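Undergrad: Per the numbering used here, the sequence shown starts with residue 665, numbered consecutively. Handing you a structure now.
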Amino acid sequence: MKVSTKGRYGLRAMLDMALHQNEGPMAVHIVAERQGLSERYLEQLMVPLKKAGLVKSVRGPQGGYVLTKKPRDITVGEIIRALEGPIAPVDCVSEQTPEECERAEFCVTRLIWSKMRDSIAEVLDSLSLEDLIQESRKISVRSR
Numbered sequence: 665m666k667v668s669t670k671g672r673y674g675l676r677a678m679l680d681m682a683l684h685q686n687e688g689p690m691a692v693h694i695v696a697e698r699q700g701l702s703e704r705y706l707e708q709l710m711v712p713l714k715k716a717g718l719v720k721s722v723r724g725p726q727g728g729y730v731l732t733k734k735p736r737d738i739t740v741g742e743i744i745r746a747l748e749g750p751i752a753p754v755d756c757v758s759e760q761t762p763e764e765c766e767r768a769e770f771c772v773t774r775l776i777w778s779k780m781r782d783s784i785a786e787v788l789d790s791l792s793l794e795d796l797i798q799e800s801r802k803i804s805v806r807s808r
């Protein structure tokens, strides 16, 4: 299972917004510049994040995007699901709509995929943006 650039870049952008949340609405071009991302691509990532209720847009000259909740209340799992879809190493164990499989009742490998899905979800759901902010600060202190 691989997280695409949507998930990776979207998480970086959300962390950037969390780190700078006291600066007011954040223009996409500023986040993109700080993170070394394409402004156009980042703008596209904001659509599913907004739809998931994780960010909202603020119009006007000082407009941009803001987090809709405190960083401690936004999990990495929410961000990844908003951008990548349900967590599932295979379709038959998808979190939302598992694909029907004629072998489901006697498929031994399905147990592996379910455990894998649950383990990944547990890790992603156990970390919040606030946790990542704390880690970021530790890294900044060590690199000085």
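Even glycine gets a Cβ: it sits at the ideal position worked out from N, Cα and C. The structure presented is a predicted model; accordingly, all values stated were derived computationally and were not measured.
So which of Q708, P753, L718 and R704 has the shortest CA-CA distance to R736?
TA: Checked all of Q708, P753, L718 and R704; the closest Cα to R736 is L718.
Undergrad: Which two residues bound the contiguous beta strand (DSSP E) that contains V719?
TA: Here the beta strand (DSSP E) through V719 covers V719 to V722.
Undergrad: What do you reckon, are the CB atoms on I743 and L796 nearer than 8 Å?
TA: No, the pair does not count as a contact, with Cβ atoms beyond the cut-off.
Undergrad: Run the CB neighbour count on L775, radius 10 Å, all protein chains shown included, and call it buried at 16 or more, exposed below.
TA: With fewer than 16 Cβ atoms within 10 Å of its Cβ, L775 is classed as exposed.
Undergrad: A785 and I751 look like a contact to me (Cβ under 8 Å); what is the Cβ gap, rounded to whole Å?
TA: That belief holds up - the Cβ atoms of A785 and I751 are roughly 5 Å apart, short of 8 Å.
Undergrad: Have a look at R672 and L709 and give me their C-alpha separation to the nearest angstrom.
TA: If I take the Cα positions, the gap works out to 11 Å.
Undergrad: Looking at C-beta atoms only, is the number of pairs between the stretch 698–708 and the stretch 676–686 that lie closer than 8 Å three or more?
TA: Taking 8 Å as the limit for Cβ pairs, the verdict is that the stretch 676–686 does touch the stretch 698–708.
Undergrad: Could you tell me whether the stretch 797–808 touches the stretch 758–774, using the rule of 3 or more Cβ pairs below 8 Å?
TA: With a cut-off of 8 Å, the stretch 758–774 and the stretch 797–808 do not count as touching, because too few Cβ pairs lie within range.
Undergrad: Please look up how many angstroms separate the CB atoms of G728 and A682, rounded, as I've assumed it's under 8 Å.
TA: G728 to A682, Cβ: 14 Å. No contact.
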